[in-house]
Amino acid sequence: MTPVLIDTDILSRFFRRDPKVVARFSEYAQHFDVVEFSIVSYYEILSGLRHRDAHRQLEAFLEFSRKNRILPLNREAADHATRLYAETRKAGTPVDDIDILIASIALAHGRAIVTHNTAHFGVLPGVSLEDWAL
């Protein structure tokens, strides 16, 4: 098993206690002390919870965030992002900027992305994917 970057949709499924996702998190925890997710996923989840005034879920997510690792958007990731942006547009398969940023952070840190949104990420060259929701 190798370290991975958890995408927003898998984090959401984890917090909704999806049995398949929870089981995969448990298996992962046998090999690694922390899970890693991007600053972009942190933003997506935090903004959604604040928008819904979901105070209890917000506190649970913030506690989870403190115990795990949030990977930053750095210069190397930004360079990957610009390449992915240009390549997908030239190929006629544009991808949302949010997904490009998450993928670029995964590439910069040498991580596969754990996501159920394989259609979104599948067109991005060089990105490895795992789906823990299956």
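Residue numbers (my numbering): 22 to 155.
Don't be surprised by glycine CBs; every beta carbon is placed ideally from N, CA and C.
Bounds of the alpha helix (DSSP H) holding Arg110 are 96-111. For the options Asp74, Pro115, Pro146, Asp30, the alpha carbon positioned closest to that of Val61 is the one of Asp30.
For Glu65, the closest of Asp118, Val42, Ala98, Val25 by C-alpha to C-alpha distance is Asp118.
Relative to the Cα of Glu48, the nearest Cα in the group Asp28, Arg37, Pro24 belongs to Pro24.
A buried status is given to Arg34, since no fewer than 16 other beta-carbon atoms sit within 10 Å of its beta-carbon. His76 counts as exposed, since fewer than 16 other C-beta atoms from the protein chains shown sit within 10 angstroms of its C-beta. By the C-beta criterion, the segment 126-140 is judged to be in contact with the segment 86-98, since at least 3 inter-stretch pairs fall below 8 Å. In the DSSP assignment, Val61 falls within the unbroken alpha helix (DSSP H) covering 60-72. Around the CB of Glu84, fewer than 16 other CB atoms lie within 10 Å, so the residue is classed as exposed. DSSP, read as helix, strand or coil, puts Ala44 in helix.
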